[in-house]
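Numbering (the numbering used here), first residue to last: 58 to 433.
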């Protein structure tokens, strides 16, 4: 172990001579090592390293690395470790104390009733301390306070009070409203079995998604409108389309295979250790992972890793005729994704459109389906 108390700086700057002329006016520096025209290393006394670091930052010098050695720096690390242990003890005490209280509320099952009103009422009438909060009392109080509630149950989960509410049904919800039947797809009507209501389409009509097919009313002999449930079974030829574009020239972003990694160990969200390799990539993407280090240990240490993948661009030339079958199949797969609830496939075909440097493949699958649903 080195006994000399010193700090080694690794910096990046073009004006090295000018910088050193400024530094040596106030500080003693040693072990100057010029690595290249931009990077240089030098050492100074450990007791002066903060002032030197401040000077470098004031002059916008890029500091690549700082390394301490000697008895003083090791003593500082030991003192920091004691500080960390003290912080852990304080956090543990705080965790034990605050775990005895309700910190948040989770209100479930509300539609018309405002969740904020429920939370405000509980806050105003009940204490947050778990030992003094009886869930049965909360349930009875909520039923008396809010007419909209027909049933309520409460439970304490961790530091959350979970309130599950069932609201009373209003007359419109209980007996329902008459709603029209609308088309769920772009299609051509092939068969209609009307049960009740008034038809707005006939066999052979082409409809779009959202068009009204059956209205929820009928006209009596005197021409007066009478509301009734819209009921019908309607079949149609549905046009399920999928489209993909092929570019003769395009820019592809790819991973070069070069990576670097950063690892951070945390305790209760506080960073206590970090290891990282220098990220020199101009363009990159990351993948993050987190794992527990607390196996057989009551302290919840976590390891967070970030992996950097270098990215580069390249121009790719592609002849459509060479990949035609692949793109037709891609378009077909997109069309098949839309063929939900189909009884049978009647016809399949595709079309090609050639624009400036782009070929558009459009695939159509015609299926026979039952269409129509109630909305409103």
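We put the CB at the ideal spot given by N, CA and C, even for glycine.
Discussion item. Just list the residues that DSSP pairs residue 295 with in beta bridges.
Written reply: 244 and 424
Worksheet item: Cβ atoms of residue 322 and residue 360: under 7 Å apart, would you say?
Response: yes
Fill in: Range of the contiguous alpha helix (DSSP H) that encloses residue 77
It spans 73-80 - the alpha helix (DSSP H) in which residue 77 sits, taken as one unbroken run.
Discussion item. Looking only at its chain, what residues have a beta carbon closer than 8 Å to the beta carbon of residue 231, apart from the 5 residues adjacent to it on each side?
Written reply: In this predicted model, residue 231 has a pLDDT of only 39, less than 50, meaning its place in the structure is not dependable; the value taken from the coordinates is given anyway. Hits under 8 Å: none found.
Practice prompt. With a 10 Å radius around its C-beta and 16 neighbouring C-beta atoms as the bar for buried, classify residue 240 as buried or exposed.
Written response: Residue environment for residue 240: buried (at least 16 other C-beta atoms within 10 angstroms of its C-beta).
Worksheet item: Does DSSP put residue 112 in a helix, a strand or coil?
Response: helix
Worksheet entry | Sequence-distant residues of its chain with Cβ nearer than 8 Å to residue 229 (five each side left out) | For residue 229, the predicted structure reports a pLDDT of 46, less than 50, and the residue's modelled location is therefore unreliable. The matter cannot be settled from this model.
Worksheet entry | Buried or exposed (CB count within 10 angstroms, at least 16 for buried), residue 242 | buried
Worksheet item: Using 8 Å as the Cβ pair cut-off and three pairs as the minimum, do the segment 60-74 and the segment 99-106 touch?
Response: yes
Fill in: Inside the segment 247-333 only - beta strand (DSSP E) runs reaching at least 3 residues
The segment 247-333 is shown to contain whole beta strand (DSSP E) runs of 3 or more residues at 269-272, 274-276, 282-284, 288-304, 306-324 and 327-333, in chain order.
Fill in: Cα-Cα separation between residue 419 and residue 244, rounded to whole angstroms
One C-alpha to the other measures close to 17 Å.
Worksheet item: For residue 104, does the three-state DSSP call read helix, strand or coil?
Response: DSSP places residue 104 in helix when its eight states are reduced to three.
Discussion item. Quick check: the Cα distance between residue 202 and residue 157, rounded to an integer number of angstroms?
Written reply: 27 Å
Item to complete: List the residues that DSSP assigns as beta-bridge partners of residue 218.
Response: Under DSSP, residue 218 takes part in a beta bridge, and its partners are 162 and 213.
Practice prompt. Going by DSSP, name the residue or residues bridged to residue 346.
Written response: 362
Fill in: Local conformation of residue 126 per DSSP, three classes
strand
Practice prompt. Use the C-beta contact count for residue 94: other C-beta atoms within 10 angstroms, 16 or more gives buried, fewer gives exposed.
Written response: exposed
Worksheet entry | residue 409 (DSSP reduced to helix, strand or coil) | strand
Practice prompt. From the DSSP output, read off the bridge partner residues of residue 416.
Written response: 303 and 411
Discussion item. Using the Cβ count rule (16 or more neighbours within 10 Å means buried), how would you classify residue 233?
Written reply: Low confidence applies to residue 233: its pLDDT is 45, below 50, so where it sits in the model is not reliable enough to give any reading.
Worksheet item: Going by Cα to Cα distance, which pick from 111, 367, 310 and 69 is closest to residue 122?
Response: 69
Item to complete: Check each candidate in 167, 187, 284 and 304 and name the one with the smallest Cα separation from residue 225.
Response: 167
Fill in: Residue range of the unbroken beta strand (DSSP E) whose run includes residue 91
86-91
Worksheet item: Taking DSSP as the reference, what is the three-state secondary structure of residue 167?
Response: For residue 167, the secondary structure class from DSSP, reduced to helix, strand or coil, is coil.
Fill in: Residues that DSSP places opposite residue 374 in a beta bridge
306
Practice prompt. Assign residue 424 to buried or exposed, taking buried as 16 or more other Cβ atoms, counted over all protein chains shown, within 10 Å of its Cβ.
Written response: buried
Worksheet item: Assuming residue 272 and residue 257 make a contact with CB atoms under 8 Å, what is their CB distance in whole Å?
Response: 6 Å between Cβ atoms; contact.
Worksheet item: Going by DSSP, what residues sit across from residue 186 in a beta bridge?
Response: 158
Worksheet item: Skipping 5 residues on each side, what residues in its chain have a beta carbon closer than 7 Å to that of residue 178?
Response: 202
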